[in-house]
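Reading through the structure tokens given below for one structure.
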Amino acid sequence: MTKPLHAGKAAQNGYLAATLAARGLSVVVVDALLFAYVLGIVPALLIGGPLSDRLGRRPLMLPAPLFAAVGSGLLAAGSESVALLTAGRVCSGIALGLSMAVGGSWIKELSDRDGAQTALVTASKKLDKAVSKGVLHANQAANKKSALAKRVNKI
């Protein structure tokens, strides 16, 4: 039977209780550190997904590894400082939230062949319409459609 990971129950675990006591951290502080992690995850999930729909996946995914690196650095450097541990947990939470919300959507988009084919048909129709109105030359439209079709076929 495994023991719960919740810090409130951690006092029942002799090893963890001894570790917390040796570091001078109470169970309340450990619970607060768990909350700091959630404090980073929740806004990243709630804001990251919709914002990536507007701005694109890449601009919001690029900072995630940076937040993870900063969070890891703060956690490593701040083993004796609750403030550094809190900042590290928040940064790690932001990294995880962005990776889950934005990265999950991005992977789904990249692996969705049917959606890509539907988008190709729509793009082809719009290119044809641009040609009929004289906005785009027929050769340019054909080249763009060919390039898009090649990309969709790679999926």
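For my numbering, count along the sequence shown from 1 and bump the result up by 3.
Positions of the beta carbon are idealized from the N, C-alpha and C atoms, including for glycine.
- Within 10 angstroms of the beta-carbon of residue 135 lie fewer than 16 other beta-carbons, which makes it exposed.
- DSSP places residue 105 in no alpha helix (DSSP H); its state is neither H nor E.
- For residue 97, the closest alpha carbon among the candidates 83, 30, 73, 153 is that of 73.
- About 3 Å separates the Cβ atoms of residue 77 and residue 91, confirming a contact at the 8 Å cut-off.
- By the neighbour-count criterion, in which a residue is buried when 16 or more other Cβ atoms sit within 10 angstroms of its Cβ, residue 58 is exposed.
- Contact check for residue 32 against residue 85 passes: the beta carbons are separated by less than 8 Å.
- Sixteen is the threshold: when 16 or more other Cβ atoms of the shown chains lie within 10 Å of the Cβ of residue 93, as they do, the residue is buried.
- Here residue 31 carries a helix assignment [DSSP, helix/strand/coil].
- Counted as a single uninterrupted DSSP element, the stretch harbouring residue 115 is not any alpha helix (DSSP H), since DSSP gives it neither H nor E.
- Around the C-beta of residue 121, fewer than 16 other C-beta atoms lie within 10 Å, and the residue is accordingly described as exposed.
- Residue 25 sits exposed, since fewer than 16 C-beta atoms from the chains shown fall within 10 Å of its C-beta.
- The straight-line gap separating the alpha-carbon atoms of residue 27 and residue 82 is approximately 12 Å.
- A distance below 7 Å between beta-carbons, with the five flanking residues on each side excluded, links residue 102 to the following residues of its chain, in chain order: 67.
- Under the three-state reduction of DSSP, residue 100 is assigned to helix.
- Here the C-alpha atom of residue 147 lies approximately 8 Å from the C-alpha atom of residue 130.
- For residue 42, the CB contacts under 7 Å within the same chain, skipping 5 residues up- and downstream, are 93, 96 in chain order.
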